[in-house]
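*Asks:* Residue numbers (UniProt numbering), protein chains in the order written: chain F, 1 to 110; chain P, 1 to 266.
Using N, Cα and C, we set each Cβ at its ideal position, and we do this for glycine too.
The structure presented is a predicted model; accordingly, all values stated were derived computationally and were not measured.
Please see the structure below; I have some questions.
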Amino acid sequence: MEWNSTQHFWLIILCFVVAFIPRFVPLAFFRTRKIPKWFNEWMGYIPIALFTSLVVKDLCITSSYTLSVSGKAPELVAALIVFIIAYWTRSMALSVILGLAAVLVLAVFI
Amino acid sequence: MTKQVPNPNEPRWLTNLKTAMPLNISYVPIGIACGILLHAAGFNTLLTALVSLMVFSGGAQFLIASMLTINSPLLSIVIMMFFLELRYALLGSSISKYLQGKSFWFTVLFAVSLNDETYAVNYLKLSTDKKFTAQDALQIEHYALIVWTISTIIGSLVGSSLSINLTVVHFALTALFIYMIVMQMKSLLKVLIILLTIVLAIAFMLLMKSTLGLVVSTLLASFIGFFVESWIRSHYEKYKKNRLLRLFKNPAGTPEDKFDEEEETE
C-alpha cells in the first residue's frame with residue numbers, strides 16, 4: 001500500500017497524541033504536588049537504566065527482536081571508543097563526532 | 001569563547017545557547033540522517049518539518065521511517081510509538097520537581113519538546129547549577145528543536161541526491177546515549193546497575209518482542225538500584241563512605257558544568 005500525504009499527516013497527528021500523553025501527564029501531575037523523597041531517589045536510577053537499555057537495543061537487538069551482533073562489529077568497537085572518549089573528555093560533541101567518525105572508518109575496514 | 005571565566009553580564013539566551021551547543025552539533029548529522037530516512041519512507045519536506053516539530057524524538061522519527069518502509073499499518077505504528085514514548089513518563093517524573101509551580105501552558109510546551117537528549121542536558125544543569133531555571137531549560141529544548149527541525153529539512157531536501165550508509169549515521173544517537181551513561185556513572189552501584197540493565201534489557205526485549213521490553217528493564221533495574229541504595233543508607237551509618245555508594249572522582253574534570261558539586265561537599 002502506498003501512503004499519500006493526507007495519511008502521513010494523520011499518522012503525525014496520532015503519533016503526536018501518543019507521544020505527548022506520557023510526557024505531559026507526569027509533569028502536570030507533579031507540578032502542583034509534593035514529590036515524595038523515595039520517588040526522587042528512585043528516579044535517580046531511571047536515566048542510567050533507560051540509556052543502557054537503549055544502547056543494548058541499538059547494539060545487539062535486531063529489528064525482529066532477536067539477539068545478534070553479526071555485522072555490528074564496527075558499532076561495537078566504536079561504542080567502546082565513545083565510552084573511553086566520553087570518560088576522559090566529558091564532552092558530548094567530541095563523543096558523538098569522534099564516535100561517528102570511528103564507525104564510518106571501521107565500517108570500511110571490517 | 002571565555003568559558004572558564006563566565007561573564008556575569010552575558011545575556012541568558014547566549015549562556016543557554018552555549019549550554020545547548022554540544023547537543024545542537026550532534027543533532028545536525030542525526031537530523032540529516034533522519035530527514036533522509038523519512039524522505040525514503042515517502043514523507044515530503046513539509047511533513048518532515050511537521051513531524052520534527054510535533055514528535056520531537058529521534059528514536060520516534062526513525063521508528064516511523066523504518067515502519068513505513070516495511071509497509072506497517074497505521075495502527076501498529078501508533079501502538080509501537082506509544083510504547084516507545086512511554087519511557088518519557090519516567091523522564092517527565094524525574095524532571096518534574098524542577099517544574100513545580102509552573103503554569104499549565106509552560107508545562108505543555110516543556111512536555112512537547114522533552115526528549116532523551118534535552119532531558120539529559122537539562123537534568124544535568126538543573127541538578128548542578130542553581131542559577132539554571134526551568135525557563136532556561138525550556139529555551140535549551142527550543143534551541144535543540146530548531147536545530148533538529150532544520151537538520152531534518154536539509155536531510156529531506158538532499159535525500160534524493162545523496163546515498164549514505166544510514167545504519168552508520170544512526171550510530172550518532174547510540175553514541176549520544178553512551179555519553180549520557182558515562183555521565184551518570186557516579187558510583188560503583190551505578191556501574192553494577194548498568195551491567196544488570198544489559199542483562200535485563202536483552203532478556204525482556206527477546207521475551208516481549210517489542211520496545212516494551214525497554215520499559216520493563218528500565219523499571220526493574222531502576223527499582224533494584226533504588227532498593228539497594230535505600231538498604232545501604234538504612235543499614236550503614238557512614239553510607240557515604242560505603243564502597244558501593246562512594247562517588248567517583250571525575251577524571252578529566254568539568255570546568256563548565258560543576259558536576260556533583262552539591263553531593264561531593266559533605
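Thinking C-beta only, is F:ALA93 closer than 8 Å to P:ILE25?
*Replies:* yes
*Asks:* Residues of chain P with CB under 8 Å from F:LYS57, in chain order?
*Replies:* ALA201, MET205, THR211 and LEU214
*Asks:* Which one of F:THR6, F:ILE48 and F:VAL18 has the shortest CA to CA distance from P:PHE223?
*Replies:* F:ILE48
*Asks:* Which residue's Cα is closest to the Cα of P:ALA134: P:PHE177, P:GLY101 and P:VAL216?
*Replies:* P:GLY101
*Asks:* Name the DSSP beta bridge partners of F:ILE110, please?
*Replies:* According to DSSP, which records beta bridges pairwise, F:ILE110 is partnered with nothing at all.
*Asks:* In this structure, how does DSSP classify P:SER26 when only helix, strand and coil are distinguished?
*Replies:* helix
*Asks:* Compare the Cα-Cα distances from F:VAL105 to each of F:PHE24, F:ASN40 and F:ALA78 and report the closest residue.
*Replies:* Measuring from the Cα of F:VAL105, the nearest candidate turns out to be F:ALA78.
*Asks:* Looking at C-beta atoms only, is the number of pairs between the segment 189-198 of chain P and the segment 215-222 of chain P that lie closer than 8 Å three or more?
*Replies:* yes
*Asks:* How big is the Cα-Cα spacing for P:SER156 and P:GLY31?
*Replies:* 10 Å
*Asks:* Name, in chain order, the residues that DSSP records as bridge partners for F:ILE12.
*Replies:* Answer by DSSP bridge pairing: none, since F:ILE12 is not bridged.
*Asks:* Going by DSSP, name the residue or residues bridged to F:LEU67.
*Replies:* F:ILE61
*Asks:* If we define contact as Cβ-Cβ less than 8 Å, is F:SER68 a contact residue for chain P?
*Replies:* no
*Asks:* In whole angstroms, what separates the C-alpha of P:LYS240 from that of P:ARG246?
*Replies:* Going by the C-alpha atoms only, they are around 6 Å apart.
*Asks:* Going by other Cβ atoms of all chains shown within 10 Å of its Cβ, with 16 needed for buried, is F:ASN4 buried or exposed?
*Replies:* exposed
*Asks:* If you measure beta-carbon to beta-carbon, which residues of the segment 129-152 of chain P are closer than 7 Å to chain F?
*Replies:* none
*Asks:* Quick one: using the 10 Å Cβ neighbour count with 16 as the cut-off for buried, is F:VAL69 buried or exposed?
*Replies:* exposed
*Asks:* Taking DSSP's pairing of strands, which residues face P:SER187 in a bridge?
*Replies:* Answer is P:LEU247, bridged to P:SER187.
*Asks:* Verify the CB distance criterion: does F:CYS15 have a CB-CB separation below 8 Å to chain P?
*Replies:* yes
*Asks:* How close, in whole Å, do the beta carbons of P:SER210 and F:TYR65 come, if the pair is a contact with beta carbons under 8 Å?
*Replies:* Contact flag correct, Cβ pair sits at about 7 Å.
*Asks:* Whose C-alpha, out of F:PHE16, F:LEU76, F:LEU98 and F:PHE83, is nearest the C-alpha of P:MET81?
*Replies:* F:PHE16
*Asks:* Which residues in chain P sit within 9 Å of F:ILE35, going by Cβ to Cβ distance?
*Replies:* SER93, SER96, LYS97 and GLN100
*Asks:* Find the nearest neighbour of F:LEU50 within the set P:SER230, P:GLY213 and P:TYR236, judged by alpha-carbon distance.
*Replies:* P:GLY213
*Asks:* For P:ALA65, which residues in the same chain have their Cβ closer than 8 Å to its Cβ, ignoring the five residues on either side in sequence?
*Replies:* CYS34, LEU37, LEU38, ALA40, ALA41 and PHE43
*Asks:* Report the CB separation of P:ILE153 from P:THR48 in whole angstroms; it is logged as a contact under 8 Å.
*Replies:* The C-beta distance from P:ILE153 to P:THR48 rounds to 6 Å, short enough to fall under 8 Å.
*Asks:* Please name the residue in P:ILE202, P:SER230 and P:TRP231 whose C-alpha comes closest to that of P:THR218.
*Replies:* P:ILE202
*Asks:* For F:LEU27 and chain P, any beta-carbon pair shorter than 8 Å?
*Replies:* So yes, F:LEU27 belongs to the interface.
*Asks:* Out of P:ILE198, P:GLN184, P:ARG233 and P:SER103, state which residue places its alpha-carbon closest to the alpha-carbon of F:ARG31.
*Replies:* P:SER103
*Asks:* Is P:VAL168 closer than 8 Å to F:PHE107 when the C-beta atoms are compared?
*Replies:* Per the sequence presented here, residue 107 of chain F reads as Ala, with Phe not at that position. Against a cut-off of 8 Å, the Cβ pair of P:VAL168 and F:ALA107 comes out as a contact.
*Asks:* Report, in whole angstroms, the separation of the C-beta atoms of F:ALA102 and P:THR107, which I expect to be a contact under 8 Å.
*Replies:* Incorrect: roughly 40 Å between the Cβ atoms, too far for contact.
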